[in-house]
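For reference, the structure is listed below as structure tokens.
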Amino acid sequence: MIKIAVPAETDKAETRVAATPETVKRFIGLGAEVTVEAGAGALSRILDADYADAGAKLVDTAAAAVADADIVLKVRRPESTELAPLKAGALVIAAMDPFGHEDAVKAMAAAGITAIAMEFMPRITRAQVMDVLSSQANLAGYQAVIDAAEVFDRALPMMMTAAGTVPAARVFVMGAGVAGLQAVATARRLGAAVSATDVRPAAKEQVESLGAKFIAVEDEEFKQAETAGGYAKEMSDEYKKKQAELVADHIAKQDIVITTALIPGRPAPKLISAAMVESMKPGSVIIDLAVERGGNCELARAGEIVVHNEVSIVGHLNVPGRIAATASQLYAKNLFAFVETLIDKEKQELAVDWEDELVTATVLTRDGAVVHPAFAGQGE
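Its first residue numbered 11, the sequence shown is counted upward by one per residue in our numbering.
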């Protein structure tokens, strides 16, 4: 029988959990035995009783949960203290955040576990349901607007009242990927006047389809600015300068700016300078969703709300975790969809196809070595 473990997250900032009662039932339906650490779902509004009702076995400690587990489901990479109880060869599936944490990757290799990084899931049709980056970024984009509305001390929609007309707040979204497009859609639903920018040509049509105005220097370089995987790529210094000038003029007129620009494996690009912040009106708000990678705004500070020249720069950590109940629901479904591909349903046993493109793209460590091409050789 396949043994699946769901320990509680050890990071104090993490409110999400890697399985829900719904996915526990589905794992059991595949022939698995599921063990959950007591309290694992508490911050996602999932009671221990809910897991028990779904058929999970509840235990008091993480060590008891993962003992003899074939698969360990987590939100974040296991910390060094969590590695010892894991059996050699166990599949540990999480958002591993390996870039800049090469020592942690080596430690997982040394522990003999098979570490699988969900954020490396290829963006192909069959893997869409497993795409944790998209599911969590979608929620981050939504929550960014909710957080902005809370900090902003005025209404967002235009209101025509007997006492006069309230103008719509101006919201500018920088980066029109999954998070950015959800931020655009949410701000539009709340009645704001929305504009957005991105370096990828395909983003223009997506932004405009949501009723927002697209802001960009649309030259030849812009027309070529997208990688084969659909990610944004690094632009030339000349383009950056022209785009910065356009954006600087636009930002000065905005009430709320939401930044979402990230390049995989790289520090977040700096998009908003101190001078741009100082050009904004008092009471304006910047939400920096890239703050965990250094931030898109040079004044942003991780985990803080910085007020500079009467402009609030919000750097909340783990933004999807601010709506943990919803984030856990989607993340758990992402994990189930992937784990299901690793199980032989007839024999009800683990049957990993190590040549499957989903597996080769996501496995970081295996058999005591770092095997992912981006990190290979580092565990030797």
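Just so you know, even glycine gets a beta-carbon here, dropped at the ideal spot from N, CA and C.
- Within the region 244-302, the complete alpha helix (DSSP H) runs of at least 4 residues fall at 247-261, 284-289.
- The three-state reading of DSSP puts V34 in helix, counting H, G and I together.
- Check the Cα spacing between V161 and each of A213, P330, E32, V324: the tightest is with V324.
- If you draw a straight line from the Cα of Y249 to the Cα of V227, it is about 8 angstroms long.
- A direct Cα-to-Cα measurement between V181 and H260 gives close to 11 angstroms.
- Considering only D157, F346, N148, the residue with the shortest C-alpha distance to I14 is F346.
- DSSP places F162 outside both helix and strand once states are collapsed to three, so it counts as coil.
- Taken atom to atom, the span from the alpha-carbon of G122 to that of L93 is near 9 angstroms.
- Looking at the DSSP output, H318 sits in a beta bridge with V321.
- Non-local C-beta neighbours of A178 in its own chain, meaning closer than 8 angstroms and more than five positions away in sequence, comprise L166, P167, M168, G201, A202, A203, ordered along the chain.
- Annotation: I56 to E302 spans about 27 angstroms, alpha carbon to alpha carbon.
- With respect to the C-alpha of G293, the residue from L272, N319, A278 having the closest C-alpha is N319.
- Straight across, the Cα-Cα distance linking V329 with Q153 is about 7 angstroms.
- In the three-state reduction of the DSSP assignment, K357 falls in the coil class.
- Burial of K84 is indicated by the presence of at least 16 other C-beta atoms within 10 angstroms of its C-beta.
- L299 and A271 have their C-alpha atoms some 8 angstroms from each other.
- A residue is called buried when at least 16 other Cβ atoms come within 10 angstroms of its Cβ; I134 does not meet this threshold and is exposed.
- A64 is a Cβ neighbour of P31, given a cutoff of 7 angstroms.
- By the CB criterion at 7 angstroms, S338 and S144 fall outside the cutoff.
- Note on P88: 16 or more other CB atoms within 10 angstroms of its CB, so buried under the neighbour-count rule.
- If you check the CB distance, R198 and G174 do not come in under 7 angstroms.
- For M118, the enclosing alpha helix (DSSP H) begins and ends at 112-120.
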